[in-house]
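Numbering (the numbering used here), first residue to last: 77 to 394.
Where is the CB? At the ideal position from N, CA and C, for every residue including glycine.
Since we're looking at a predicted model, the values are computed, not measured.
Notes follow the structure.
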(Lines of atoms letter the chains of each structure in order from A and count residues from 1; the text may use other names and numbers.)
(Lines give C-alpha, C1' and ligand atoms only; values in the text may rest on other atoms or scores of the structure.)
Protein backbone atom coordinates (compact mmCIF):
# COMPACT_ATOMS: atom_id res chain seq x y z
CA UNK A 1 0.00 0.00 0.00
CA UNK A 2 1.39 3.41 -1.01
CA UNK A 3 0.54 6.11 1.51
CA UNK A 4 0.98 9.88 1.38
CA UNK A 5 1.30 10.91 5.04
CA UNK A 6 0.95 14.66 5.64
CA UNK A 7 1.95 15.83 9.14
CA UNK A 8 2.58 19.09 10.98
CA UNK A 9 6.08 20.51 10.72
CA UNK A 10 5.78 22.68 13.85
CA UNK A 11 4.51 20.45 16.64
CA UNK A 12 5.45 20.47 20.32
CA UNK A 13 5.19 16.71 20.71
CA UNK A 14 8.04 14.64 19.27
CA UNK A 15 6.28 12.16 16.99
CA UNK A 16 9.08 11.02 14.69
CA UNK A 17 8.98 7.46 16.05
CA UNK A 18 5.23 7.31 15.34
CA UNK A 19 5.86 8.27 11.74
CA UNK A 20 8.61 5.65 11.52
CA UNK A 21 6.17 3.10 12.94
CA UNK A 22 3.74 3.86 10.12
CA UNK A 23 6.48 3.82 7.47
CA UNK A 24 7.70 0.40 8.65
CA UNK A 25 4.44 -1.19 7.50
CA UNK A 26 3.67 0.48 4.18
CA UNK A 27 5.28 2.37 1.32
CA UNK A 28 5.13 5.78 2.99
CA UNK A 29 5.73 9.20 1.44
CA UNK A 30 6.03 11.28 4.63
CA UNK A 31 5.87 15.06 4.27
CA UNK A 32 6.01 17.77 6.93
CA UNK A 33 3.79 20.75 6.10
CA UNK A 34 4.54 24.12 7.65
CA UNK A 35 1.78 26.48 8.76
CA UNK A 36 1.63 28.29 5.42
CA UNK A 37 1.27 25.02 3.50
CA UNK A 38 -1.43 23.80 5.88
CA UNK A 39 -3.37 27.04 5.34
CA UNK A 40 -3.35 26.49 1.55
CA UNK A 41 -3.78 22.78 0.92
CA UNK A 42 -5.20 23.41 -2.55
CA UNK A 43 -2.00 25.17 -3.57
CA UNK A 44 0.20 22.52 -1.96
CA UNK A 45 -1.58 19.71 -3.77
CA UNK A 46 -1.52 21.58 -7.08
CA UNK A 47 2.25 22.06 -6.85
CA UNK A 48 3.43 18.90 -5.10
CA UNK A 49 0.92 16.03 -5.17
CA UNK A 50 -0.26 13.59 -7.83
CA UNK A 51 -3.14 11.96 -5.99
CA UNK A 52 -3.29 9.06 -8.47
CA UNK A 53 0.00 7.71 -7.12
CA UNK A 54 -1.40 6.82 -3.68
CA UNK A 55 -3.69 4.16 -2.27
CA UNK A 56 -4.28 6.29 0.83
CA UNK A 57 -3.73 9.96 1.64
CA UNK A 58 -3.51 10.51 5.40
CA UNK A 59 -3.95 13.89 7.12
CA UNK A 60 -2.43 14.44 10.55
CA UNK A 61 -2.74 18.21 10.37
CA UNK A 62 -4.13 21.08 12.44
CA UNK A 63 -7.88 20.71 12.71
CA UNK A 64 -8.16 24.50 12.77
CA UNK A 65 -6.81 24.60 9.22
CA UNK A 66 -8.73 21.56 7.98
CA UNK A 67 -12.16 22.95 8.79
CA UNK A 68 -11.46 26.09 6.79
CA UNK A 69 -10.73 24.07 3.63
CA UNK A 70 -13.42 21.38 3.59
CA UNK A 71 -14.45 22.43 0.10
CA UNK A 72 -11.07 21.42 -1.29
CA UNK A 73 -10.58 18.44 1.02
CA UNK A 74 -13.82 16.96 -0.38
CA UNK A 75 -12.03 16.53 -3.72
CA UNK A 76 -9.16 14.39 -2.35
CA UNK A 77 -9.59 10.67 -3.07
CA UNK A 78 -8.73 7.82 -0.66
CA UNK A 79 -8.56 10.20 2.29
CA UNK A 80 -8.06 9.15 5.91
CA UNK A 81 -7.85 11.62 8.81
CA UNK A 82 -5.75 10.71 11.85
CA UNK A 83 -7.09 12.73 14.80
CA UNK A 84 -5.83 12.87 18.40
CA UNK A 85 -8.07 15.75 19.50
CA UNK A 86 -11.56 14.64 18.51
CA UNK A 87 -12.45 14.30 22.21
CA UNK A 88 -12.88 18.10 22.04
CA UNK A 89 -15.99 17.43 19.93
CA UNK A 90 -17.73 16.24 23.09
CA UNK A 91 -16.42 18.53 25.83
CA UNK A 92 -17.16 22.22 26.48
CA UNK A 93 -14.52 24.10 24.47
CA UNK A 94 -14.19 26.11 21.26
CA UNK A 95 -14.37 22.94 19.12
CA UNK A 96 -17.51 21.43 20.67
CA UNK A 97 -19.46 19.78 17.86
CA UNK A 98 -17.11 21.07 15.16
CA UNK A 99 -15.50 17.71 14.41
CA UNK A 100 -18.92 16.21 13.68
CA UNK A 101 -19.83 19.20 11.51
CA UNK A 102 -16.57 18.84 9.56
CA UNK A 103 -16.94 15.11 9.04
CA UNK A 104 -20.53 15.54 7.85
CA UNK A 105 -19.07 17.43 4.90
CA UNK A 106 -16.78 14.43 4.25
CA UNK A 107 -18.99 11.44 5.08
CA UNK A 108 -16.92 8.97 3.06
CA UNK A 109 -13.64 9.77 4.83
CA UNK A 110 -12.22 7.32 7.39
CA UNK A 111 -11.36 8.90 10.76
CA UNK A 112 -8.78 7.20 12.98
CA UNK A 113 -9.52 8.43 16.50
CA UNK A 114 -7.41 7.96 19.63
CA UNK A 115 -10.40 7.55 21.99
CA UNK A 116 -12.46 4.35 22.08
CA UNK A 117 -15.71 5.95 23.23
CA UNK A 118 -15.09 8.99 20.99
CA UNK A 119 -14.79 6.52 18.11
CA UNK A 120 -18.01 4.79 19.16
CA UNK A 121 -19.84 8.13 19.30
CA UNK A 122 -18.56 9.10 15.86
CA UNK A 123 -19.65 5.70 14.51
CA UNK A 124 -23.04 6.26 16.11
CA UNK A 125 -23.30 9.48 14.08
CA UNK A 126 -22.69 7.47 10.92
CA UNK A 127 -18.99 8.13 10.31
CA UNK A 128 -16.37 5.55 9.27
CA UNK A 129 -14.39 5.81 12.51
CA UNK A 130 -11.67 3.43 13.73
CA UNK A 131 -10.03 3.36 17.16
CA UNK A 132 -6.23 3.45 17.49
CA UNK A 133 -4.98 4.77 20.85
CA UNK A 134 -2.26 7.26 21.57
CA UNK A 135 1.15 5.89 22.53
CA UNK A 136 4.66 6.90 23.51
CA UNK A 137 8.12 7.30 21.98
CA UNK A 138 9.98 4.13 22.90
CA UNK A 139 13.34 5.60 21.91
CA UNK A 140 13.02 8.61 24.24
CA UNK A 141 11.14 7.15 27.20
CA UNK A 142 12.12 4.09 29.21
CA UNK A 143 12.73 2.97 32.78
CA UNK A 144 16.28 4.00 33.75
CA UNK A 145 16.23 2.08 37.04
CA UNK A 146 17.09 5.17 39.09
CA UNK A 147 15.98 6.13 42.59
CA UNK A 148 12.45 7.54 42.68
CA UNK A 149 12.87 10.49 45.02
CA UNK A 150 9.59 12.25 44.08
CA UNK A 151 6.68 10.38 45.59
CA UNK A 152 3.66 11.99 43.92
CA UNK A 153 3.73 14.24 40.85
CA UNK A 154 2.25 15.48 37.62
CA UNK A 155 4.38 16.72 34.70
CA UNK A 156 2.76 18.81 31.98
CA UNK A 157 0.52 21.70 31.04
CA UNK A 158 -2.53 22.94 32.94
CA UNK A 159 -3.00 26.20 31.07
CA UNK A 160 -5.53 25.71 28.25
CA UNK A 161 -9.31 25.73 28.57
CA UNK A 162 -9.36 22.03 27.61
CA UNK A 163 -7.23 21.37 30.71
CA UNK A 164 -9.39 23.33 33.17
CA UNK A 165 -10.66 20.11 34.78
CA UNK A 166 -7.10 18.83 35.07
CA UNK A 167 -5.96 21.99 36.85
CA UNK A 168 -8.90 21.98 39.25
CA UNK A 169 -8.27 18.38 40.28
CA UNK A 170 -4.54 18.86 40.71
CA UNK A 171 -5.14 22.00 42.78
CA UNK A 172 -7.57 20.07 44.99
CA UNK A 173 -5.15 17.16 45.39
CA UNK A 174 -2.28 19.52 46.18
CA UNK A 175 -4.20 20.85 49.18
CA UNK A 176 -4.32 17.40 50.83
CA UNK A 177 -1.25 15.55 49.50
CA UNK A 178 2.42 16.47 48.89
CA UNK A 179 1.90 16.79 45.14
CA UNK A 180 4.61 18.14 42.83
CA UNK A 181 3.32 19.81 39.65
CA UNK A 182 6.02 20.76 37.17
CA UNK A 183 6.91 21.14 33.51
CA UNK A 184 10.02 20.02 31.63
CA UNK A 185 11.49 20.16 28.17
CA UNK A 186 10.54 17.28 25.89
CA UNK A 187 12.96 14.42 25.53
CA UNK A 188 15.78 13.63 27.95
CA UNK A 189 14.72 16.00 30.76
CA UNK A 190 11.16 14.69 30.63
CA UNK A 191 12.33 11.07 30.76
CA UNK A 192 14.64 11.76 33.69
CA UNK A 193 11.83 13.47 35.60
CA UNK A 194 9.39 10.61 35.02
CA UNK A 195 12.05 8.21 36.29
CA UNK A 196 12.21 10.14 39.58
CA UNK A 197 8.45 9.80 40.19
CA UNK A 198 6.95 6.87 42.12
CA UNK A 199 3.25 7.75 41.68
CA UNK A 200 2.30 9.72 38.56
CA UNK A 201 -1.06 11.49 38.77
CA UNK A 202 -2.89 11.62 35.45
CA UNK A 203 -5.81 14.05 35.64
CA UNK A 204 -7.55 13.83 32.26
CA UNK A 205 -10.79 15.11 33.76
CA UNK A 206 -13.74 15.36 31.39
CA UNK A 207 -11.77 14.30 28.32
CA UNK A 208 -13.29 10.87 27.86
CA UNK A 209 -10.00 9.28 26.82
CA UNK A 210 -6.51 8.66 28.15
CA UNK A 211 -3.94 11.22 27.03
CA UNK A 212 -0.41 10.37 25.92
CA UNK A 213 1.08 11.08 29.37
CA UNK A 214 -0.53 7.95 30.75
CA UNK A 215 1.44 5.70 28.42
CA UNK A 216 4.64 7.69 28.89
CA UNK A 217 4.45 7.38 32.67
CA UNK A 218 3.70 3.66 32.49
CA UNK A 219 6.62 3.05 30.12
CA UNK A 220 8.99 4.83 32.52
CA UNK A 221 7.97 2.58 35.41
CA UNK A 222 5.74 4.93 37.39
CA UNK A 223 2.68 3.69 39.22
CA UNK A 224 0.01 5.40 37.14
CA UNK A 225 -2.88 6.98 39.05
CA UNK A 226 -5.29 7.70 36.19
CA UNK A 227 -8.61 9.50 36.22
CA UNK A 228 -11.18 6.85 35.34
CA UNK A 229 -12.54 7.34 31.81
CA UNK A 230 -15.12 4.58 32.13
CA UNK A 231 -15.26 0.81 31.89
CA UNK A 232 -15.36 0.65 28.08
CA UNK A 233 -12.37 2.96 27.59
CA UNK A 234 -10.25 1.07 30.13
CA UNK A 235 -11.23 -2.31 28.71
CA UNK A 236 -10.34 -1.25 25.16
CA UNK A 237 -6.82 -0.41 26.36
CA UNK A 238 -6.34 -3.43 28.61
CA UNK A 239 -6.23 -1.30 31.76
CA UNK A 240 -7.13 -3.17 34.97
CA UNK A 241 -7.55 -1.31 38.24
CA UNK A 242 -4.92 -2.16 40.89
CA UNK A 243 -3.27 -4.59 38.47
CA UNK A 244 -1.55 -2.41 35.87
CA UNK A 245 -3.07 0.99 36.70
CA UNK A 246 -4.80 2.74 39.58
CA UNK A 247 -8.13 4.25 38.52
CA UNK A 248 -9.91 6.92 40.54
CA UNK A 249 -13.05 9.04 40.20
CA UNK A 250 -12.42 11.68 42.86
CA UNK A 251 -9.83 12.80 45.40
CA UNK A 252 -11.11 10.66 48.32
CA UNK A 253 -10.92 7.52 46.17
CA UNK A 254 -7.44 8.48 44.97
CA UNK A 255 -6.30 9.00 48.55
CA UNK A 256 -7.77 5.67 49.69
CA UNK A 257 -5.96 3.74 46.97
CA UNK A 258 -2.78 5.73 47.45
CA UNK A 259 -2.85 4.84 51.15
CA UNK A 260 -3.10 1.15 50.25
CA UNK A 261 -0.13 1.41 47.91
CA UNK A 262 1.98 3.26 50.47
CA UNK A 263 1.24 0.54 53.01
CA UNK A 264 1.99 -2.25 50.52
CA UNK A 265 5.16 -1.48 48.52
CA UNK A 266 5.02 -4.89 46.85
CA UNK A 267 1.57 -4.09 45.44
CA UNK A 268 2.88 -0.76 44.17
CA UNK A 269 5.84 -2.49 42.50
CA UNK A 270 3.50 -5.03 40.91
CA UNK A 271 1.18 -2.35 39.48
CA UNK A 272 4.16 -0.43 38.08
CA UNK A 273 5.68 -3.59 36.56
CA UNK A 274 2.42 -4.73 34.96
CA UNK A 275 1.70 -1.26 33.63
CA UNK A 276 5.14 -0.99 32.11
CA UNK A 277 4.75 -4.42 30.48
CA UNK A 278 1.43 -3.36 28.93
CA UNK A 279 2.91 -0.11 27.65
CA UNK A 280 5.92 -1.86 26.11
CA UNK A 281 3.73 -4.44 24.38
CA UNK A 282 0.83 -2.28 23.19
CA UNK A 283 1.57 1.45 23.25
CA UNK A 284 5.02 2.04 21.79
CA UNK A 285 4.89 4.22 18.69
CA UNK A 286 6.27 1.24 16.75
CA UNK A 287 3.16 -0.75 17.71
CA UNK A 288 0.76 2.18 17.26
CA UNK A 289 2.20 2.85 13.79
CA UNK A 290 1.46 -0.75 12.86
CA UNK A 291 -2.12 -0.39 14.13
CA UNK A 292 -2.60 2.77 12.07
CA UNK A 293 -1.56 0.99 8.89
CA UNK A 294 -3.90 -1.89 9.74
CA UNK A 295 -6.70 0.69 10.06
CA UNK A 296 -5.86 2.06 6.59
CA UNK A 297 -6.17 -1.27 4.81
CA UNK A 298 -9.93 -2.04 4.64
CA UNK A 299 -11.77 -0.54 1.64
CA UNK A 300 -12.96 3.03 2.10
CA UNK A 301 -16.49 4.23 1.49
CA UNK A 302 -17.10 5.47 -2.06
CA UNK A 303 -16.62 9.19 -2.40
CA UNK A 304 -19.49 11.25 -3.77
CA UNK A 305 -18.97 12.44 -7.37
CA UNK A 306 -17.53 15.94 -7.67
CA UNK A 307 -20.02 18.61 -8.58
CA UNK A 308 -19.51 20.87 -11.59
CA UNK A 309 -17.79 23.65 -9.60
CA UNK A 310 -15.40 21.22 -7.84
CA UNK A 311 -14.51 19.62 -11.18
CA UNK A 312 -13.90 22.99 -12.80
CA UNK A 313 -11.74 24.25 -9.93
CA UNK A 314 -9.64 21.11 -10.04
CA UNK A 315 -9.08 21.46 -13.77
CA UNK A 316 -8.14 25.11 -13.44
CA UNK A 317 -6.05 24.52 -10.29
CA UNK A 318 -7.76 27.32 -8.35
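Backbone secondary structure at residue i - three-state DSSP
i: residue 288; result: helix
i: residue 226; result: strand
i: residue 91; result: coil
i: residue 220; result: coil
i: residue 82; result: strand
i: residue 376; result: coil
i: residue 244; result: helix
i: residue 347; result: helix
i: residue 362; result: helix
Close Cβ partners of residue i (< 6 Å) along its chain, the five nearest in sequence each way excluded
i: residue 136; result: 83, 158
i: residue 314; result: 354
i: residue 145; result: 117
i: residue 204; result: 186, 377
i: residue 80; result: 105, 130, 133
Backbone CA spacing between residue i and residue j [nearest angstrom]
i: residue 208; j: residue 312; result: 10 Å
i: residue 251; j: residue 163; result: 29 Å
i: residue 115; j: residue 141; result: 6 Å
i: residue 363; j: residue 86; result: 24 Å
i: residue 89; j: residue 341; result: 33 Å
i: residue 256; j: residue 331; result: 15 Å
i: residue 182; j: residue 328; result: 45 Å
i: residue 336; j: residue 319; result: 13 Å
i: residue 112; j: residue 346; result: 49 Å
i: residue 344; j: residue 334; result: 9 Å
i: residue 228; j: residue 138; result: 34 Å
i: residue 373; j: residue 77; result: 8 Å
Residues near residue i by beta carbon distance below 8 Å, same chain, minus five either side
i: residue 308; result: 192, 193, 196
i: residue 103; result: 77, 78, 79
Other residues of its chain near residue i: CB distance less than 7 Å, five sequence neighbours each side excluded
i: residue 300; result: 276, 278, 290, 293, 294, 321, 322, 351
i: residue 143; result: 174, 178
CB-CB length for residue i against residue j, believed under 8 Å
i: residue 226; j: residue 288; result: With a Cβ gap of about 20 Å, residue 226 and residue 288 do not count as contacting.
i: residue 97; j: residue 361; result: 5 Å
i: residue 281; j: residue 306; result: Contact flag wrong, Cβ pair sits at about 13 Å.
Heavy atom of the ligand MN within 7 Å of residue i beta-carbon
i: residue 125; result: In the structure on display, the ligand MN does not appear, and there are no ligands present to speak of.
Any alpha helix (DSSP H) of 4 or more consecutive residues that is wholly inside the region 246–314: With a minimum length of 4 residues, the continuous alpha helix (DSSP H) runs that stay inside the region 246–314 are 264–270, 288–295, 307–313.
Secondary structure, beta strand (DSSP E): runs of 3+ residues fully inside the region 116–188: Secondary structure remark: continuous beta strand (DSSP E) runs of at least 3 residues inside the region 116–188, in chain order: 132–136, 155–159.
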